[in-house]
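Notes for the one structure printed next.
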Amino acid sequence: MHTPNTTPNPLLPFQLDPDPATETLTAFGGLPLVAQTFRSLGLPQSVARHLHLKQRQRGLDEATIVESFILLNAAGGDCLEDFRRLAEDPGLPALLGHALPLPDAARKFLYAFHRDEAIVTAKAQRPAGQVAFIPEDTEPLQGLAQVNVDLVRAVAARCPDQRIATIDQDATIHESHKREALAHYDNGRGYQPMTAVWAEVNLVVADQFRDGNVPASFAPLPVAQAAFAALPATIQEYYYRGDSACHEGNLLTWLRNPERPNGPAGPIGFAISARMSPALAVAIHALAETAWQPYTLAGEASDARRDWADVPFVPSEASEHRDTAPLRYIAIRVRPRQEELFADGTAVKHFAVLSNRWDWDGARLLQWHREKAGTIEHVHDVVKNELAGGVLPCGRFGANAAWLRLALLAHNVLTALKRLALPPELLTARPKRLRFLLFTVPGRLVTHARQLRLRLATTRDRLAQWLEAVHLLPAPS
Numbered sequence: 001m002h003t004p005n006t007t008p009n010p011l012l013p014f015q016l017d018p019d020p021a022t023e024t025l026t027a028f029g030g031l032p033l034v035a036q037t038f039r040s041l042g043l044p045q046s047v048a049r050h051l052h053l054k055q056r057q058r059g060l061d062e063a064t065i066v067e068s069f070i071l072l073n074a075a076g077g078d079c080l081e082d083f084r085r086l087a088e089d090p091g092l093p094a095l096l097g098h099a100l101p102l103p104d105a106a107r108k109f110l111y112a113f114h115r116d117e118a119i120v121t122a123k124a125q126r127p128a129g130q131v132a133f134i135p136e137d138t139e140p141l142q143g144l145a146q147v148n149v150d151l152v153r154a155v156a157a158r159c160p161d162q163r164i165a166t167i168d169q170d171a172t173i174h175e176s177h178k179r180e181a182l183a184h185y186d187n188g189r190g191y192q193p194m195t196a197v198w199a200e201v202n203l204v205v206a207d208q209f210r211d212g213n214v215p216a217s218f219a220p221l222p223v224a225q226a227a228f229a230a231l232p233a234t235i236q237e238y239y240y241r242g243d244s245a246c247h248e249g250n251l252l253t254w255l256r257n258p259e260r261p262n263g264p265a266g267p268i269g270f271a272i273s274a275r276m277s278p279a280l281a282v283a284i285h286a287l288a289e290t291a292w293q294p295y296t297l298a299g300e301a302s303d304a305r306r307d308w309a310d311v312p313f314v315p316s317e318a319s320e321h322r323d324t325a326p327l328r329y330i331a332i333r334v335r336p337r338q339e340e341l342f343a344d345g346t347a348v349k350h351f352a353v354l355s356n357r358w359d360w361d362g363a364r365l366l367q368w369h370r371e372k373a374g375t376i377e378h379v380h381d382v383v384k385n386e387l388a389g390g391v392l393p394c395g396r397f398g399a400n401a402a403w404l405r406l407a408l409l410a411h412n413v414l415t416a417l418k419r420l421a422l423p424p425e426l427l428t429a430r431p432k433r434l435r436f437l438l439f440t441v442p443g444r445l446v447t448h449a450r451q452l453r454l455r456l457a458t459t460r461d462r463l464a465q466w467l468e469a470v471h472l473l474p475a476p477s
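To convert, note that position 420 of the sequence shown is 420 in the working numbering; the numbers rise steadily by one, no gaps.
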């Protein structure tokens, strides 16, 4: 008879048995809810339509591998080696109905998104003297983007009353110490992808992977066009918000054109942080004191006084097309309350927002513009710090682009799970809270009457939520 070699623990009331449990257990009893969402939205079929990477029939198919990447993000993995942890879980493969890829297989899958010729072509097409360039998406990356479009429209089909879409667009730095990573403006190295979010439903609708040396203001229009193209046909009102990187001539011209190419017809109301040109600064400083009106932004610290004023300003740049309806420039003045100086020695700071919306007063418009910090900047934070987007796996541009796009896809799947199937109080839950409450619930797999069953170690109330979520995530029609 075997006697386990246990070691007494003076700090806790148990001894650790060195032999693993013989029962089929899982540490991720709630993680299949993520797979249920992925499948309920019809994403396996979407992957089969748009993504064709495998040269041989053996091994896991593309849809299974994409689902596995979504599960890795949801479980908290942030590197390829973390696939081993999921694959070693005794019960998870049985609950999913498929094995999990090992790190080498996942790496090979990512490498298939990279094409050296895409980099070479983009470099060759640069205008003389231009350093930055953005490679075209490879065919596999285009397919993965189309899977995300299908996800957005599948979620929209289950939220038919959502008729308004505000696109928030922004770029962010992803630090990387890989040899291939290029220097960015913040004295580091990495990449600077651009992302667009449908604010009302918190879904990423477009993204573009970029090297770190590509300025955020470099060609933002294609991302905006892809974002509006991803929206469902049920949308009736369109809006757009951006920071000063989006104060770019081609994008502004496109937004102001009601017959814009590659976009929805009709008006798009927008508000964009204005670049402070010398002429705009002169116009702001020429404002009379009576032009300024005080206002307070929700959530703003009270140690500064804020005022706003409409600025009579017509830019001289030809890209502004002065023959169109004039834009509205709203100036913002910020002053310390105690007549102190800011850290840079100044007593007052000026900013500005430009817009085509004249129907709101300035304070309301500025508040609406500022709300993008709760959408696009929140997505950046979640993807980089709570999903796998913050740690890029290699030096291959296309593979890193696929890794980030899969992390964004995971963000959208979790958003769909919360919006379609979980209690309302979890609608704003971050991934780490979903892991704590749902995904890492231990469970035991048992077979009864030839049927596999999962018994979760949780309360009846939590189990009722789980069962309701399964009911609200049916097979796709």
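Don't be surprised by glycine CBs; every beta carbon is placed ideally from N, CA and C.
Ile-330 places its beta carbon less than 8 Å from that of Leu-365. Gln-192 and Arg-455 have their C-alpha atoms spaced approximately 44 Å apart.
Note that the C-beta distance between Ala-304 and Arg-328 is not below 8 Å. Between Leu-41 and Ala-416, the C-beta gap is smaller than 8 Å, which places the two residues in contact.
The C-beta distance from Leu-251 to Pro-220 rounds to 5 Å, short enough to meet the 8 Å contact threshold. For Ala-245, there is no enclosing alpha helix (DSSP H), since its DSSP letter is neither H nor E. In the same chain as Ala-48, and ignoring 5 residues on each side of it, the C-beta atoms closer than 8 Å to its own belong to Asp-61, Glu-62 and Ala-63, in chain order. According to the DSSP secondary-structure assignment, Lys-178 is paired through a beta bridge with no residue. Less than 8 Å separates the beta-carbon of Asp-150 from that of Leu-43. Per the Cβ contact rule, the segment 368-376 is in contact with the segment 160-173 (3 or more Cβ pairs under 8 Å). The beta carbon of Pro-232 sits closer than 6 Å to those of Arg-153 and Ala-156, all from its chain and outside the five residues before and after it, given in chain order. The beta carbon of Pro-264 sits closer than 6 Å to those of Phe-228 and Tyr-238, all from its chain and outside the five residues before and after it, given in chain order. Short of 7 Å from the beta carbon of Asn-213, and not among the five residues preceding or following it, lie these beta carbons of its own chain, in chain order: Val-131, Ala-132, Leu-182, Ala-183 and His-184.
When beta bridges are read from the DSSP output, Pro-103 appears opposite no residue. Residue pairing for Met-194: DSSP places it in a beta bridge opposite Ala-171 and Gln-208. Sorting Arg-260, Leu-141 and Phe-436 by C-alpha distance to the C-alpha of His-50 places Leu-141 at the top. Under the DSSP assignment, Lys-432 falls in the alpha helix (DSSP H) whose first and last residues are 431-434. Linking Arg-450 to His-98 through their CA atoms gives a straight-line distance of about 18 Å. Buried is the label assigned to Lys-384, since at least 16 other Cβ atoms lie within 10 Å of its Cβ.
Taking the Cα of Arg-435 as reference, the smallest distance to any Cα among Asn-73, Gln-367, Arg-260 and Phe-83 is reached at Asn-73. Between the segment 385-393 and the segment 114-126 there are fewer than three C-beta pairs closer than 8 Å, too few to call the two in contact. Asp-211 sits buried, since 16 or more C-beta atoms from the chains shown fall within 10 Å of its C-beta. Here Asp-207 is buried. Its C-beta has 16 or more other C-beta atoms within 10 Å. Here Ala-288 is exposed, its C-beta having fewer than 16 other C-beta atoms within 10 Å. Sequence-distant Cβ neighbours of Glu-81 in its own chain, meaning closer than 6 Å and more than five residues away, are Pro-103. The Cβ atoms of His-411 and Val-201 do not sit closer than 8 Å to each other. Between the alpha carbons of Asp-17 and Thr-447 lies a gap of roughly 26 Å. Lys-349 sits in a strand when the DSSP states are folded into three classes. Residue ranges of uninterrupted beta strand (DSSP E) with 3 or more members, entirely inside the segment 261-293 and ordered along the chain, are 268-273.
Spanning the alpha carbons of Leu-420 and His-471 requires a straight line of approximately 10 Å. Beta-carbon to beta-carbon, Tyr-295 and Ile-268 are separated by about 25 Å, too far to satisfy the 8 Å threshold. If you check the CB distance, Glu-136 and Ala-112 do not come in under 8 Å. In this structure, the alpha-carbon of Trp-403 lies about 12 Å from that of Ser-68.
Per DSSP, Ile-376 has no beta bridge partner at all.
An exposed status is given to Gly-59, since fewer than 16 other beta-carbon atoms sit within 10 Å of its beta-carbon.
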